[in-house]
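Below you'll find the structure, written out as structure tokens, and then a few comments.
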Amino acid sequence: MDIHEHQAKDVLRAFGMPVPQGGIAFAPEQAMHEARKLGFPVVVKAQIHAGGRGAAGGVRLCQSEAEVGAFALSLLGRNLVTKQTDAQGKPVHRLLVEQGTEIAKELYLGLVLDRKSERIMIVASREGGMEIEDLAEDQPDALIRMVIDPAMGLLPFQSRELGFALGLSAHQIGQFAIVLRACYRAFRDLDATMVEINPLVVSSAGGLIALDAKMSFDTNALFRRPNVAALRDPGQEDPREDAAAEHGLSYVGLDGDIGCIINGAGLAMATMDMIQLAGGQPANFLDIGGGASPERVVAAFRTVLTDPNVSVILVNIFAGINRCDWVASGVVQAYRELNLTLPVVVRLAGTNVDEGRCIIDASGLPLISADTLAEAAATAVAARPALAA
Ligand code: GDP
Ligand code: MN
């Protein structure tokens with residue numbers, strides 16, 4: 047789960063991180079009021095669950111109240127499209143108004159879970175402000191990596207070593223130890239999966255300050271972190287994924303036109319590969335899970351059909367815990383209830399497959415049966431209504 051920059055800054059501040067003074071605003075008047083309290087210049091920043099805001103016009107240094115008001119008015123209620131969002135962008139419903147900082151140097155600091163070492167890894171660089179993906183590509187040598195031993199925790203010499211590598215002065219290295227400890231403790235104590243300070247700046251006064259902050263959390267640990275769970279902003283999330291989760295379905299929207307209803311994440315991935323191999327594009331990933339009742343199958347159809355690009359649906363079930371006859375009943379029910387007109391390809395295998403096929407065949411509905419995964423994928427690709435040539 048992602049949170050907003052202002053929330054990440056509040057979280058990190060509680061662990062000792064130096065962050066600029068600021069306040070949150072939901073309306074232009076409120077932004078102007080916050081700016082007046084802080085004194086000029088202020089920086090006004092769109093709060094969305096994506097980076098790349100600076101380059102997309104979502105961050106501005108403002109010198110007057112009028113400028114703050116006009117900028118706030120231009121952002122609030124609109125979608126901001128950045129390099130990290132899709133073409134629709136993310137809605138801006140709140141702004142962070144902060145005291146402007148004079149920047150002497152921009153550094154990069156990130157903490158991630160490194161799967162290879164199974165530890166928290168620190169990634170740092172003298173080249174702040176740039177996106178880390180670009181930096182890793184263009185100047186891989188500019189990245190400094192360090193792994194934290196969970197039994198020892200972050201050790202003072204590690205902070206010093208990194209501070210030296212970042213070219214900091216003796217005084218700044220002391221501050222850097224505080225910054226790094228705040229990141230590490232917040233990461234460890236709150237079940238985070240990522241903390242990123244980009245940029246961490248040296249101000250013209252010589253002090254370190256976190257100008258930007260990003261945090262992600264392990265969704266599976268939210269049950270024991272109610273204070274973190276409370277930071278969720280559903281307005282920034284895909285509403286289809288939310289609705290699907292309510293029915294016990296894992297759904298991820300994609301760009302293609304072949305809607306997928308599949309049981310098991312592995313089979314879903316394999317099916318998406320087979321669709322691409324057959325020359326098509328999946329519209330979504332969807333795992334209906336084990337023991338899917340007819341009701342859940344209907345919910346899966348509803349979820350897939352919220353995507354207007356879907357022109358054919360492929361149901362692929364390998365029933366172990368599931369039962370093919372249950373799924374088949376669900377497919378027939380969904381077809382009737384939702385007044386479907388688009389082609390539906392059904393491939394069933396496993397428990398009660400014969401009963402399942404009987405239900406499909408006896409339904410009298412134009413459902414297309416397929417025996418193998420390859421056949422199902424090819425049939426779905428071929429069943430798409432002819433696209434305008
Ligand atoms: P992102 O583009 O979404 O990562 O947003 P950031 O919070 O990183 O802001 C983008 C850029 O705006 C930063 O890299 C800075 O160069 C600039 N910026 C942000 N805050 C300030 C500030 O207080 N003073 C100045 N001079 N620049 C700022
Ligand atoms: Mn940034």
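Throughout, the working numbering is defined as the position within the sequence shown, counted from one, plus 46. Cβ coordinates follow ideal geometry from the N, Cα and C atoms, glycine included. From a predicted model like this one, the values you see are computed outputs, not experimental measurements.
- Taking 8 Å as the cut-off, the Cβ atoms of Val143 and Gly85 do not count as close.
- It is roughly 11 Å from the alpha-carbon of His139 to the alpha-carbon of Pro74.
- Beyond the five residues adjoining it in sequence on each side, Leu159 comes within less than 6 Å, by CB distance, of Thr239 in the same chain, given in chain order.
- Here the alpha carbons of Tyr381 and Cys306 stand approximately 15 Å from one another.
- Counting only runs of 3 or more residues that sit fully inside the stretch 121-172, the beta strand (DSSP E) segments are 141-145, 149-160, 165-171, in chain order.
- Pro137 and Val105 have their C-alpha atoms some 15 Å from each other.
- The stretch 343-358 and the stretch 395-404 do not touch, with fewer than 3 CB-CB distances between them shorter than 8 Å.
- In this structure, Ala424 lies away from Ile414, with their beta-carbon atoms at least 8 Å apart.
- Taking a C-beta distance under 8 Å as the contact criterion, Val373 and Asn330 do not qualify as a contact pair.
- No residue range can be given for Thr387, since it is assigned to no beta strand (DSSP E) and is classified by DSSP as neither H nor E.
- The residue from Arg82, Tyr154, Asp235 with its alpha-carbon nearest to that of Ile190 is Tyr154.
- When the five nearest sequence neighbours on each side are left out, the beta carbons in the same chain lying within less than 8 Å of the beta carbon of Ser339 are those of Trp372, Gly376, in order along the chain.
- Spanning the alpha carbons of Ala345 and His293 requires a straight line of approximately 7 Å.
- In the same chain as Ile321, and ignoring 5 residues on each side of it, the C-beta atoms closer than 8 Å to its own belong to Gly302, Ile304, Cys306, Gln327, Pro328, Leu360, Ala423, Ala426, Val427, in chain order.
- In the three-state DSSP reduction, Asn368 falls in the coil class, being neither helix nor strand.
- Shown here, Val399 sits in a helix according to DSSP, grouped into three states.
- Closest in C-alpha terms to Arg172, from the list Arg161, Arg165, Ala150, Glu164, comes Ala150.
- Note: Cys108 is bridge-paired with Val88 in the DSSP secondary-structure output.
- In this structure, the ligand GDP has a non-hydrogen atom nearer than 7 Å to the beta-carbon of Asp258.
- Taking 7 Å as the cut-off, the C-beta of Gly97 counts as close to a heavy atom of the ligand MN.
- A Cβ-Cβ separation of about 6 Å places Gln218 in contact with Leu254 under the 8 Å criterion.
- Residue state for Pro66 is assigned as coil, using DSSP reduced to three classes.
- The DSSP assignment places complete alpha helix (DSSP H) segments of no fewer than 4 residues inside the stretch 322-368 at 340-351, in order along the chain.
- Ala92 and Leu122 have their alpha carbons spaced roughly 8 Å apart.
- Going by DSSP, Ser249 is part of the beta strand (DSSP E) stretching over 238-249.
- By the CB criterion at 8 Å, Ile224 and Ile194 fall outside the cutoff.
- Each residue's CA atom was taken as its position, placing Cys229 and Asn244 some 13 Å apart.
- Counting the other CB atoms within 10 Å of its CB gives Phe222 a total of 16 or more, which places it among the buried residues.
- At a Cβ-Cβ threshold of 8 Å, Gly337 and Asn368 count as neighbours.
- Checking the 7 Å criterion, the Cβ of Asn355 is out of range of every heavy atom belonging to the ligand MN.
- One Cα belongs to Lys55, the other to Met261, and the distance between them is close to 9 Å.
- Tyr381 is bridged by DSSP to nothing; it lacks a bridge partner.
- For Leu58, the secondary structure class from DSSP, reduced to helix, strand or coil, is helix.
- In the assembly as shown, Gln204 is a buried residue. Its beta-carbon has 16 or more other beta-carbons within 10 Å.
- Judged by DSSP in its simplified three-state form, Gly209 adopts helix.
- Thr265 and Met47 have their C-alpha atoms spaced approximately 6 Å apart.
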